[in-house]
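Some notes on the structure that comes next.
Numbering (our numbering), first residue to last: 1 to 340.
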């Protein structure tokens, strides 16, 4: 990423001002070659890799589950709820905002990486025995939908029929998915932390029957798991559907294959829920305390947000509409120009 940023600095008038770079980059990078390749494409890929590590995008994802396992609950909430989103934000702000010409060139690869994230993240989550690692891999799965929605922006180009509605649905869905994943994953990590504080382990097979001992905790966790698997009525369903709707006109095969991720989501969340909460109660936890008021105070606002935007997503989508339209217009313009 640093090499890419320095490349922009030296080719765009030795400035780090994003607005100035946005203005100068198309002309400054036009026709410039590095090692026989387009400098704009080289910079695009270098900057993308830097942000992709943060998202994280396969194959740069391996650090995330390990970081979550070692981190305390509060740090996991910050990491999943805020810090991971900086990767997607950076791609939209820098790659899309400064170098829109290259978005069309890389969109197919971005959609494919989204598919890999969705499938690989789901399969890895399904194989976990540590509850926190399962939630961490679900983050990789969920961010794959954002990548798919981001790739849909090229639907607005003349080569794809100038489908502005698909581009708006995809890009808005990608940003909405960022927000939804932040609230849902934060809720999940808090709930994993609640049971870890009592049992001092996160082994899924080491629990069993907690529903009879902790009914309130079970209900809240069920809500969080249903939100995580994208059940209708929760905000995650809306954003994932928007990503699919936006990308389908351009990347039909990839979207169809990505729906496998929905089945994987349901499989790993429901499998974990059944192992932890149903069956015979582990005698070691017959005196386990119910979730307390302070813990509920941290979780309930997130649950309310998830339900509210699942039923009424309009306020959030209206808030981001102007910015999304501006990005789409820029990408559509360069794609249309290239088609002439």
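Ideal Cβ positions, reconstructed from N, Cα and C, are used throughout, including at glycine.
Since this is a predicted model, take the numbers as computed values, not measurements.
#### Entry: Local conformation of residue 63 per DSSP, three classes
helix
### Task
Measure the Cβ-Cβ separation of residue 7 and residue 43 and say whether it is below 8 Å.
yes
### Task
Classify residue 263 as buried or exposed, calling it buried when 16 or more other Cβ atoms lie within 10 Å of its own Cβ.
exposed
### Task
Pull up the distance between the alpha-carbon of residue 338 and that of residue 28, whole angstroms please.
Low local confidence applies: a pLDDT of 46 at residue 338 is under 50, so the model's placement there is unreliable, and no value is given.
### Task
Could you tell me the distance, in whole angstroms, from the CA atom of residue 189 to the CA atom of residue 141?
16 Å
### Span of the alpha helix (DSSP H), counted from its first residue to its last, around residue 137
131-151
### Contact set for residue 68: own chain, Cβ-Cβ below 6 Å, skip 5 residues either direction
76, 132 and 136
### Message
To the nearest angstrom, how far is the alpha carbon of residue 78 from that of residue 36?
### Response
42 Å
### Task
Go through the region 241-272 residue by residue and report every complete run of the alpha helix (DSSP H) that reaches 4 residues or more, in order.
252-258
### CB contact flag (residue 139, residue 86, <8 Å)
no
### Query
Quick one: what's got a C-beta closer than 8 Å to residue 108's C-beta in the same chain, skipping five residues either side?
151 and 251
### Assigned secondary structure, residue 34 (DSSP; H/G/I helix, E/B strand, else coil)
strand
### Message
Helix, strand or coil, according to DSSP, for residue 17 in the structure here?
### Response
coil
### Query
When DSSP labels each residue in this structure, what does residue 205 get in the three-state scheme?
helix
### Three-state secondary structure assigned by DSSP to residue 291
coil
### Message
If distances are taken between C-alpha atoms only, which option among 299, 259, 207 and 319 comes closest to residue 282?
### Response
207
### Message
Within 8 Å, do at least three Cβ pairs link the region 280-298 to the region 204-220?
### Response
yes
### Task
Compare the C-alpha of residue 342 against each of 186, 217, 180 and 47 and name the closest.
Because the chain in this structure spans residues 1 to 340, residue 342 falls outside the shown range and cannot be described.
#### Entry: Alpha carbon of residue 254 to alpha carbon of residue 246, nearest angstrom
12 Å
### Assumed close pair residue 236, residue 180 - CB separation to whole angstroms, cut-off 8 Å
5 Å
### Message
What does the alpha-carbon distance come out to for the pair residue 57 and residue 323?
### Response
24 Å
### Query
What's the gap between the Cα of residue 302 and the Cα of residue 231?
16 Å
### Query
Hey, would you say residue 328 sits closer than 8 Å to residue 153, going by beta carbons?
yes
### Query
Can you give the Cα-Cα distance for residue 326 and residue 168, rounded to whole angstroms?
10 Å
### Query
Within 10 angstroms of its Cβ, does residue 304 collect 16 or more other Cβ (buried), or is it exposed?
exposed
### Message
On the CB-based measure, 16 or more other CB atoms within 10 Å of its CB, does residue 330 come out buried or exposed?
### Response
buried
### Task
Flag this pair as yes or no: are the beta carbons of residue 276 and residue 220 separated by less than 8 Å?
no
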